[in-house]
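Structure record follows, encoded as structure tokens.
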Amino acid sequence: MEDFLKSVGALYDETRVKLLKFIDLHGALCVCDLEASFGMTQSRLSRHLKILKDAGFLVSNRCGRWTYYGIRSPMDRFRLEAIGEIRALPTPLPALKKISGGCGE
Numbered sequence: 014m015e016d017f018l019k020s021v022g023a024l025y026d027e028t029r030v031k032l033l034k035f036i037d038l039h040g041a042l043c044v045c046d047l048e049a050s051f052g053m054t055q056s057r058l059s060r061h062l063k064i065l066k067d068a069g070f071l072v073s074n075r076c077g078r079w080t081y082y083g084i085r086s087p088m089d090r091f092r093l094e095a096i097g098e099i100r101a102l103p104t105p106l107p108a109l110k111k112i113s114g115g116c117g118e
């Protein structure tokens, strides 16, 4: 029950829904890419990403000095269906502003 409520609670925020849709659309992204694209402070962005990760929607991977966030896989049916619904939302997203060069820099 606690996992379900944490997942539902994570989705009860427009910014987090937009972040999920953005990461789903573009694939795993560095915090710096998300920060530049959304025009958010690193501390505010990190808080949203932590909530989404703790709710089971995201995974994080370190690559050198960068941390990349991507959609978790495999994912249970509830979270998969939630992502599917988010994909269908007519939510405007910012343009991707790529800062990191990816792994291997």
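Plus 13 on top of the position in the sequence shown (first one is 1) and you've got the numbering used here. Where is the CB? At the ideal position from N, CA and C, for every residue including glycine.
Exposure of residue i, with buried meaning 16 or more beta-carbon neighbours within 10 Å
| i | result |
| --- | --- |
| A23 | buried |
| R29 | buried |
| V44 | buried |
| Y25 | exposed |
| S50 | buried |
| K19 | exposed |
| D46 | buried |
| L38 | exposed |
| L71 | buried |
| L33 | buried |
| L109 | exposed |
| L106 | exposed |
| E27 | exposed |
| L102 | exposed |
Element boundaries [alpha helix (DSSP H), containing residue i]
| i | result |
| --- | --- |
| R90 | R90 to A101 |
| D16 | E15 to A23 |
| R13 | Outside the displayed range of the chain (14 to 118) lies residue 13, so it cannot be described from this structure. |
| K31 | E27 to H39 |
Nearest-angstrom beta carbon gap, residue j and residue i [assumed within contact, 8 Å]
| i | j | result |
| --- | --- | --- |
| I9 | I84 | With the chain covering only 14 through 118, there is no way to say anything about residue 9. |
| R92 | G69 | 6 Å |
| E48 | L62 | That pair is no contact at about 10 Å. |
Residues bridged to residue i [DSSP beta-bridge criterion]
| i | result |
| --- | --- |
| L71 | I84 |
| C45 | For C45, which the question treats as bridged, DSSP gives no partner whatsoever. |
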